[in-house]
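Trainee: Quick one: the structure is below, and I'll ask about it shortly.
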Amino acid sequence: AEVWRQAEGKLAAASEEYAGKLAEESRVYAVARKDAADRLGASEARIAEVAQELEAKVVKVTQESEAKVAEMRKQAAAELAEVSQEAAAKLAEESKESQALLAEVRGQSEKRLAEMRKAEEEGARALLAKKEEGVRL
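Mind the numbering: the sequence shown is residues 241 to 377 in this note's numbering, read in order.
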């Protein structure tokens with residue numbers, strides 16, 4: 241019976257030791273599991289944070305690009321307006337010059353025509369005067 245009691249004592253001690261080791265391993269496993277879950281949560285949070293940062297950068301770059309395109313369009317429109325005004329002014333100047341030249345040519349033509357009419361009239365008068373003189377003689 242003593243042997244049996246000692247065996248039961250050893251078995252109880254061994255069971256207690258095994259239960260203690262099992263409890264320790266279970267606690268270590270729980271801590272490791274919690275640590276892994278925390279790391280996973282932190283990784284997921286970091287991934288979400290990086291995704292938000294990237295999205296913000298994309299939005300910013302898109303807005304900057306749109307602003308640059310709008311500015312370039314504005315500059316192009318201003319340059320086009322300036323070139324159009326310059327062309328219109330040049331055309332108006334050329335038109336003025338053409339009209340002035342045309343008026344000058346017209347004036348010279350009218351003056352020449354008037355001179356020719358005057359010469360014709362003087363010639364006709366001279367011829368008439370000669371005829372009258374011839375009739376008188």
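For every residue, glycine included, the Cβ atom is placed at its ideal position computed from N, Cα and C.
Small disclaimer: the values here were computed from a predicted structure and weren't measured.
Give every residue of the same chain whose Cβ lies closer than 6 angstroms to the Cβ of S266, excluding the five residues on either side of it in the sequence, and list them in chain order.
Mentor: The answer is none, since no qualifying residue turns up.
Trainee: From the DSSP output, in three-state form, read off A241 for me.
Mentor: Coil.
Trainee: Enumerate, from N- to C-terminal direction, the unbroken beta strand (DSSP E) stretches of 3 or more residues contained entirely within the region 279-316.
Mentor: Listed in chain order, nothing qualifies, since the region 279-316 has no complete beta strand (DSSP E) run of 3 or more residues.
Trainee: Rounded to a whole number of angstroms, what is the C-alpha to C-alpha distance between E304 and K297?
Mentor: Rounded to the nearest angstrom, the two C-alpha atoms are 10 angstroms apart.
Trainee: If you draw a straight line from the C-alpha of A328 to the C-alpha of A343, how long is it?
Mentor: Looking at the two C-alpha atoms, the distance is approximately 22 angstroms.
Trainee: Hey, how far is the Cα of A270 from the Cα of A259?
Mentor: Between A270 and A259, the C-alpha separation is close to 16 angstroms.
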